Amino acid sequence: MSSVSLSASTGSTAAPSERGGGSGAVPPLGGRGRSPGGPGLPVAARAAPLVRGADGVDGDVSAAVGRVLDEWLAGRVARAGTLDGTFAADLAHRVADFTGRGGKRVRARLLWWAARACGGPDVPVGAALATGAALELLQTCALVQDDVMDGSATRRGRRALHVDVAAQYAPGAGGRGAADLGAAAGVLAGDLALVWADDLAAAARSELRESRRQQMREVWSDLRMEMVAGQYLDVHGQVTGSRSPARAIRVAELKSAMYSVERPVHLGAVLAGARPEQVEALRRAGRCAGVAFQFKDDLDGVFGDPARTGKPCGDDVRAGKPTYLFAVARARAVARRDRASAEVLGRCLGDPELDGAGLDRVREALVATGARAAVESRIERLSARSTEYLERARPLAPGAERLAALLRATAGLPPVGAGGAEGTGGAGGAR
């Protein structure tokens, strides 16, 4: 699928609680897109009847997606056990546990409400839930491998997967050997999550007519490549010192905006058979909200509370991440001839041994240069632009209000008024 040029939508420099209204149980979805012990129906067909249509999902989208995940993962883990017990215990179980307990299911919820906003009640429920579940597995791949590349010790308040494997084998393998095994396990666990995500996405598409199935396949392919490109540019920037604001925005678009927001919304719109102009407007809305999300995540990485964000504070500083926040601070320090702030940023960004006092000095420099305020203002503008694009799509109820609230929450902004039963928890915090 040819890519729509959306760079201008982010500028030259760049939902109410999901409870109640419940749904029935989702049937087993293990095996190769089929229930190991069930009647052998494709995953989407088996998921749809027991949620009583789209209305049965609206009250708790996360739970509906979670049930699909639980059943699918049970089948995958069982299959892994037939290959080798150690593989199943060390990798398959950990991938399933990480996916089952993690995050806010934001990508799946964005997909769902985009589909509802475009298709109203005529949403292919099973395919939507299964594709949303596949997005959660793709997120597992991204996070597990990101932790290996960044050397992160924790994720979602627990040991990172590669650290957990290393700790398991440390008594017998020794520190270095266990660490190497842990890193390899993290890479392979991410690969496994990606394989499972692709399997589930393919199973979800199998119930769609050919034209729509091809569209979904192309969007899914684009999403995966963009995710890898964004991650590579992020790591590349740390090593090469690519620090311009424009470059930071491109990384934010690829690593987070497109993968986390724009493409999930895109998938939902395609699932619902949206018109081309609707698809483009929704993609632009998602891109703006997604860039705002990454900018908010950058702020949280320096100023956030780890208990709320689910990740250590200061890691981006110590790693010298090429974030938009840091790029703006450097540019402003130079433009204002603020030598003190420039010296602090030059000395502290990328210092793996930076202590708490050094981190405080970085925070002071980010405030003194006006970078923090500038990024917060940009987040507000991007969120407003996202709302404008969403309105152009002429979305249908109840998806319109829910999607608007979720996009705003994803950007890290408080809700505007009440919005029904869906939670406003956005993509920030535990990922």
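Counting along the sequence shown from 1, when you hit position 297 you're at 325 in the working numbering, and nothing is skipped either side.
Virtual Cβ for every residue (Gly too), placed ideally from N, Cα, C.
These figures come from a predicted structure and were not determined experimentally.
Legend entry - Coarse secondary structure for T182, derived from DSSP in three states: As a first step, residue 182 must be located in the sequence shown, where it is residue number 154. T182: strand per DSSP, three-state reduction.
Legend entry - Top-ranked residue by Cα proximity to Y260, from V279, W248, Y197 and G269: Residue 260 sits at position 232 when you count from the first residue of the sequence shown. Considering only alpha carbons, the answer is V279.
Inset, instruction - Using a threshold of 7 Å, state whether the C-beta atoms of A161 and V247 are closer than that. - result: Walking along the sequence shown from the start, residue 161 turns up at place 133. Walking along the sequence shown from the start, residue 247 turns up at place 219. If you check the CB distance, A161 and V247 do not come in under 7 Å.
Legend entry - Local Cβ density within 10 Å of V267, reported as buried at 16 or more and exposed below that: To locate residue 267, count along the sequence shown from 1; it is residue 239. V267 should be labelled exposed.
Inset, instruction - Give a yes or no on whether the C-beta atoms belonging to V307 and A317 are separated by under 7 Å. - result: Within the sequence shown, numbered from 1, the residue matching residue 307 stands at position 279. Within the sequence shown, numbered from 1, the residue matching residue 317 stands at position 289. The answer is no: Cβ separation not under 7 Å.
Legend entry - For R129, the three-state DSSP class (helix, strand or coil): Translated into the one-based positions of the sequence shown, residue 129 becomes position 101. If DSSP states are grouped into helix, strand and coil, R129 belongs with the helices.
Legend entry - Whether V293 touches A188 by CB criterion (7 Å): Locating residue 293 in the sequence shown gives position 265, where the first residue counts as 1. Locating residue 188 in the sequence shown gives position 160, where the first residue counts as 1. In this structure, the beta-carbon distance from V293 to A188 does not fall below 7 Å.
Inset, instruction - Kindly confirm or deny that the segment 429-436 and the segment 370-382 touch, where touching means at least three C-beta pairs closer than 8 Å. - result: Counting Cβ pairs under 8 Å, fewer than three are found: no touch.
Legend entry - Member of A368, G113 and K349 whose CA lies at the smallest distance from the CA of G269: As a first step, residue 269 must be located in the sequence shown, where it is residue number 241. The shortest Cα separation from G269 among A368, G113 and K349 belongs to K349.
Legend entry - Cβ pair V96, A124 closer than 7 Å: Start at 1 with the first residue of the sequence shown, and residue 96 comes out as number 68. Start at 1 with the first residue of the sequence shown, and residue 124 comes out as number 96. V96 places its beta carbon 7 Å or farther from that of A124.
Legend entry - Cβ-Cβ separation, P149 to G81 (assumed contact under 8 Å), whole Å: Walking along the sequence shown from the start, residue 81 turns up at place 53. Walking along the sequence shown from the start, residue 149 turns up at place 121. Going by Cβ atoms, the distance from G81 to P149 rounds to 7 Å, so yes, they are a contact pair.
Legend entry - For R364, the three-state DSSP class (helix, strand or coil): Stepping through the sequence shown from its first residue, residue 364 is reached at position 336. Residue state, collapsed to three classes: coil.
Inset, instruction - May I ask which residues mark the beginning and end of the alpha helix (DSSP H) holding L209? - result: Locating residue 209 in the sequence shown gives position 181, where the first residue counts as 1. Note, L209: alpha helix (DSSP H), L189 to R233.
Inset, instruction - Whole angstroms is fine: what's the gap from E238's alpha carbon to A302's? - result: Within the sequence shown, numbered from 1, the residue matching residue 238 stands at position 210. Within the sequence shown, numbered from 1, the residue matching residue 302 stands at position 274. Cα to Cα, the separation comes out at about 16 Å.
Inset, instruction - Give me the Cβ distance between V390 and V356, rounded to the nearest whole Å; I'm assuming they're in contact under 8 Å. - result: Walking along the sequence shown from the start, residue 390 turns up at place 362. Walking along the sequence shown from the start, residue 356 turns up at place 328. Contact between V390 and V356 does not hold, since the beta-carbon distance rounds to 13 Å and is not under 8 Å.
Legend entry - Beta-carbon proximity list for T182, same chain, < 8 Å, skipping 5 on both sides: Taking the first residue of the sequence shown as 1, we reach residue 182 at position 154. Result list for T182: A188, V191, K339 and P340, in chain order.
Legend entry - Status (buried if at least 16 other CB within 10 Å, exposed otherwise) for R336: What you label residue 336 is simply residue 308 of the sequence shown in a count that begins at 1. An exposed status is given to R336, since fewer than 16 other beta-carbon atoms sit within 10 Å of its beta-carbon.
Inset, instruction - Report all residues from its chain with a CB closer than 6 Å to the CB of V172; omit the five preceding and five following residues, and keep chain order. - result: As a working mapping, residue 172 is identified with position 144 in the sequence shown. Excluding residues within five positions, the ones whose Cβ falls inside 6 Å are L189, G214, A217 and G218.
Inset, instruction - Just tell me which of G147, A207 and E281 has its CA closest to the CA of A425. - result: For this step, residue 425 is matched to residue 397 along the sequence shown. If we check each option's Cα against that of A425, G147 comes out closest.
Inset, instruction - Decide if the segment 362-378 is in contact with the segment 199-212; the criterion is three or more beta carbon pairs, one per stretch, under 8 Å apart. - result: With the cut-off at 8 Å, the segment 362-378 and the segment 199-212 do not touch.
Legend entry - Residues of its chain near R233, where Cβ-Cβ distance is below 6 Å and the 5 sequence neighbours each way are ignored: Your numbering for residue 233 matches position 205 in the sequence shown. Take R233, set aside five residues on each side of it, and the residues of its chain with a beta-carbon closer than 6 Å to its own are R241 and M244, in chain order.
Legend entry - E164 versus D178, G200 and D98, residue with shortest Cα-Cα distance: The sequence position of residue 164 within the sequence shown is 136, counting from 1. Distance check between E164 and each of D178, G200 and D98 places D98 closest, using alpha-carbon atoms only.
Legend entry - C-alpha distance - V85 paired with L157, whole-angstrom precision: Within the sequence shown, residue 85 is the residue found at index 57, counting from 1. Within the sequence shown, residue 157 is the residue found at index 129, counting from 1. Their backbone Cα atoms lie some 9 Å apart in a straight line.
Inset, instruction - May I have the straight-line CA-CA distance separating A274 from A116, to the nearest angstrom? - result: Along the sequence shown, one-based indexing puts residue 274 at 246. Along the sequence shown, one-based indexing puts residue 116 at 88. Cα to Cα, A274 sits roughly 44 Å from A116.
Legend entry - Sequence-distant residues of the same chain with beta carbon closer than 7 Å to V372, five excluded per side: Position 344 of the sequence shown, counting from 1, holds the residue named residue 372. Leaving aside the five residues that flank V372 on each side, the residues in its chain whose CB is nearer than 7 Å to its CB run, in chain order, R389, V390 and A393.
Inset, instruction - Run through the segment 232-314 for me and flag every whole alpha helix (DSSP H) of 4 or more residues, listed as ranges in chain order. - result: Those alpha helix (DSSP H) runs which fall completely within the segment 232-314 and span 4+ residues are 238-268, 273-280 and 291-299.
Inset, instruction - Can you say whether S405 is buried or exposed, counting buried as having 16 or more other CB atoms within 10 angstroms of its CB? - result: In the sequence shown, the residue the question calls residue 405 occupies position 377. When all chains shown are included, S405 counts as exposed.
Inset, instruction - Could you check the C-alpha separation between S284 and T114 for me, to the nearest Å? - result: Translated into positions along the sequence shown, residue 284 becomes position 256. Translated into positions along the sequence shown, residue 114 becomes position 86. Spanning the two alpha carbons is a distance of roughly 34 Å.
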